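Reviewing the structure listed below.
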């Protein structure tokens, strides 16, 4: 499991697995109680808000 304790709103996150693996985007919210994170990714040129498991993301380098 990736350490995401320091992941905050506004950080850029990298999705590690699932249908959006290798997508990056800004974090909109983090729910540590539910273990979920909401972030925006570009899908076919459109910004899409997605909700993924916190263990499926990591803070992108440089953010």
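In my numbering, the protein residues as written are 721 to 783.
Think of the CB as a built atom: it goes at the ideal place given N, C-alpha and C, for glycine as much as any other residue.
These figures come from a predicted structure and were not determined experimentally.
* Use the C-beta contact count for residue 772: other C-beta atoms within 10 angstroms, 16 or more gives buried, fewer gives exposed. => Looking up residue 772 in the chain shown gives position 52. Burial state of residue 772 is buried, judged by a 10 Å Cβ sphere holding 16 or more other Cβ atoms.
* Cβ-based neighbour list, residue 769, same chain, cut-off 8 Å, excluding 5 preceding and 5 following -> Numbered from its first residue, the chain shown carries residue 769 at position 49. A distance below 8 Å between beta-carbons, with the five flanking residues on each side excluded, links residue 769 to the following residues of its chain, in chain order: 748, 758, 759, 760.
* Assuming residue 776 and residue 736 make a contact with CB atoms under 8 Å, what is their CB distance in whole Å? -> As a working mapping, residue 776 is identified with position 56 in the chain shown. As a working mapping, residue 736 is identified with position 16 in the chain shown. Confirmed, Cβ separation roughly 5 Å.
* To do: Return the CA-CA distance between residue 781 and residue 745, expressed in angstroms with no decimal places.
  => Within the chain shown, numbered from 1, the residue matching residue 781 stands at position 61. Within the chain shown, numbered from 1, the residue matching residue 745 stands at position 25. Answer to the nearest angstrom: the Cα atoms are 12 Å apart.
* Any heavy atom of the ligand NAP closer than 7 Å to the CB of residue 735? -> The ligand content of the structure shown is nil, which means the ligand NAP is not present either.
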